[in-house]
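Colleague: Okay, handing you the structure first.
Numbering (UniProt numbering), first residue to last: 1 to 248.
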């Protein structure tokens with residue numbers, strides 16, 4: 001086995017990181033003669049060794065993910081020059097975190113002390129894809145108030161919140177049809193049946209009473225579920241009363 005491997009591009013993306021050389025075989029960049037971030041990553045064998053320790057525990061019959069996680073953390077913490085970013089024990093089916101006994105797979109990532117973690121680009125198939133979908137909208141609501149001196153938020157009649165499946169303090173996007181403003185804020189519960197729609201704080205500068213607003217809420221869903229998702233649409237009259245059954 002060669003004592004030195006030359007790497008032409010310091011940031012070259014390696015497809016087979018499992019071909020790491022042992023620690024006593026330094027890897028140098030070319031032509032500048034210093035180790036690249038990717039070379040350091042190849043050189044560091046702490047992560048695969050730690051995951052192997054967790055796998056050995058599972059192979060031996062251990063089914064408690066907490067104990068597996070502790071074994072992996074122990075192996076990483078005992079490795080010189082390694083800073084642990086995170087360790088999770090997840091379901092092999094959907095990568096959801098396990099909280100009780102069951103089959104498991106372990107995932108972690110490592111960084112060198114005193115350095116930023118290496119750049120990570122999205123890799124297709126590297127995890128569960130979540131799509132951000134429209135959950136609901138209150139269509140053409142009339143702005144009833146604008147209070148510059150109140151805490152920043154939007155106050156919404158609780159009846160409209162329930163119809164649109166919006167919770168207090170949930171993040172929403174607001175679009176002002178009159179001036180084109182588009183911004184995000186959080187929701188404060190307004191008096192039920194009042195028809196109140198009020199912009200508070202800095203958002204009060206983005207609308208005037210009588211402006212027509214569209215209030216949007218979103219949800220993140222797995223790809224399969226997102227393909228059959230239908231948002232709730234709440235239509236209101238000029239007094240912000242619901243004028244139709246909620247459209248789904």
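Backbone N, C-alpha and C define an ideal beta-carbon position, used for all residues, glycine too.
In this structure, does DSSP put residue 223 in helix, strand or coil?
Modeller: helix
Colleague: By the 10 Å Cβ neighbour count, where 16 or more other Cβ atoms means buried, how is residue 157 classified, buried or exposed?
Modeller: buried
Colleague: Classify residue 243: buried if its beta carbon has 16 or more other beta carbons within 10 angstroms, exposed otherwise.
Modeller: exposed
Colleague: In angstroms with no decimal places, state the Cα-to-Cα distance between residue 188 and residue 72.
Modeller: 44 Å
Colleague: Name the two residues that bound the continuous beta strand (DSSP E) containing residue 181.
Modeller: That residue, residue 181, is in no beta strand (DSSP E); it is neither H nor E in DSSP.
Colleague: Roughly how many whole angstroms lie between the Cα atoms of residue 239 and residue 132?
Modeller: 31 Å
Colleague: Hey, out of 151, 143, 53, whose CA is closest to residue 210's CA?
Modeller: 143
Colleague: Please classify residue 119 as buried or exposed, where buried requires at least 16 neighbouring CB atoms within 10 angstroms.
Modeller: Only weak support exists for where residue 119 lies, its pLDDT of 48 falling under 50; the value from the coordinates is given anyway. Burial call: exposed.
Colleague: Residues in the same chain with beta-carbon distance under 7 Å from residue 171, minus the five sequence neighbours each way, listed in chain order, please.
Modeller: 184, 186
Colleague: Nearest by alpha-carbon distance to residue 86: which of 59, 60, 47, 62 is it?
Modeller: Out of 59, 60, 47, 62, 47 has the C-alpha closest to the C-alpha of residue 86.
Colleague: Look up residue 186 in the DSSP assignment and give the residues it is bridged to.
Modeller: 171
Colleague: Pick out whichever of 178, 181, 217 has its Cα sitting closest to the Cα of residue 162.
Modeller: Ranking the options by Cα distance to residue 162, first place goes to 217.
Colleague: Can you list, in chain order, the residues of its chain whose CB lies under 6 Å from that of residue 138, leaving out five sequence neighbours each side?
Modeller: 160, 164, 215, 234
Colleague: Pick out whichever of 147, 80, 195, 206 has its Cα sitting closest to the Cα of residue 173.
Modeller: 206
Colleague: Got a sec? Which residues, its chain only, sit under 7 Å from residue 195 by beta carbon, not counting five neighbours each side?
Modeller: 144, 157, 239, 240, 241
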